[in-house]
Amino acid sequence: MRLYWVAQMFYSRLPVPQHMTSHEPTLLNEATRYFPLVGAVVALLSTMAGVVLYLLSGHADVAALFALLASVWITGAFHEDGLADVCDGFGGGWQAQQILDIMKDSRLGTYGAVGLWGALSLRWLMWGHLLKQGVWFFVAGVLAASVLSRWAAVCTIKEGLYARSDATSKLRPVAKGLSRQSFYVACAIAFVVAVLAVGYVALLAIALLYLVQKRMYHYFKAKIGGYTGDCLGAIQQVGECVALLCFLLYLHITTVI
120 MRLYWVAQMF YSRLPVPQHM TSHEPTLLNE ATRYFPLVGA VVALLSTMAG
170 VVLYLLSGHA DVAALFALLA SVWITGAFHE DGLADVCDGF GGGWQAQQIL
220 DIMKDSRLGT YGAVGLWGAL SLRWLMWGHL LKQGVWFFVA GVLAASVLSR
270 WAAVCTIKEG LYARSDATSK LRPVAKGLSR QSFYVACAIA FVVAVLAVGY
320 VALLAIALLY LVQKRMYHYF KAKIGGYTGD CLGAIQQVGE CVALLCFLLY
370 LHITTVI
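Residue 120 is where the sequence shown starts when you use the numbering used here, and the numbers rise one by one after that.
The structure is reproduced here in structure tokens:
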């Protein structure tokens, strides 16, 4: 339980019992096994907020936007910030150190703004479409996408190399690689939750997300020698969009057939 609370403290803004908080590097590293579970909690809280507004107003698009903003607030825009920094760094940088310096800069550039707008808009449209199909489709789809996209980031942590050598990085405590046990726990949580939520189409999403994160990591490694915390945020955001697209395509195909 302490590892879960540490994961919730690190990956969200949700409250944590004071006696369960810890910044010990070893605990932060092993707590990454519960990253997908934190994603499930974030998804459930944000979608429930959207469902309540939808039942009160009957407006799916407004409710989906409200749920999306709730999700961003719960996570403190943790992953969105990573996506924006990656877009700025790789869009405006040429050499590895220049890319890393730009990603470290707290200012938002044009590439980051466009990338953030695109990802948020795409998620909002897909969340709204799922809600129009029914409350269950909305909750289940967002839940599965949220869990699997975080699992994709865990895969990168397990298999990849960390690019930064400075000790000031926020991610350094969890960038030492995962133990086999922690990785298997993360996989079990993500797969079980996703399959229970959306059925066997989750298996297709799992395969797609693994390939997407693999390709993104290879790109990052070629440019900067590995991944950073911002890269993991970008993988999570892109992975969520890919999973949602997969679920929507499946719904469309099954409806047509």
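The beta carbon of each residue, even a glycine, is placed where N, CA and C say it ideally should be. None of these values were measured; they are calculated from a predicted model.
In this structure, the beta-carbon distance from Gln332 to Ala271 falls below 8 Å. Less than 8 Å divides the Cβ of Gly260 from the Cβ of Val317. Across the structure, Leu367 and Met245 are spaced so that their CA atoms are roughly 8 Å apart.
For the segment 144-202, there is no continuous beta strand (DSSP E) assignment of 3+ residues that stays within its boundaries. Its Cα nearest to that of Leu122, the residue Arg152 stands out among Val171, Pro134, Arg152 and Ala182. Bounds of the alpha helix (DSSP H) holding His371 are Gly348 to Val375. Annotation: Phe185 to Val304 spans about 32 Å, alpha carbon to alpha carbon.
Comparing alpha-carbon positions, the option among Ala362, Thr140, Glu199 and Pro134 lying closest to Ala353 turns out to be Glu199. As DSSP reads the structure, Tyr281 sits in a beta bridge with Tyr346.
Trp213 sits in coil when the DSSP states are folded into three classes, being neither helix nor strand. Per DSSP, Met128 is one residue of the alpha helix (DSSP H) stretching across Arg121 to Tyr130. Residues of the same chain with a CB within less than 7 Å of the CB of Pro136, apart from the 5 flanking positions on each side, are Trp124 in chain order. Around the beta carbon of Glu143, a 10 Å sphere encloses fewer than 16 other beta carbons of the protein chains shown; the residue is thus reported as exposed. If one requires a minimum length of 3 residues, no beta strand (DSSP E) run lies completely within the segment 217-284.
Between Asp349 and Asp224, the CB-CB gap reaches or exceeds 8 Å. Relative to the Cα of Ala238, the nearest Cα in the group Val375, Ala362 and Leu370 belongs to Ala362.
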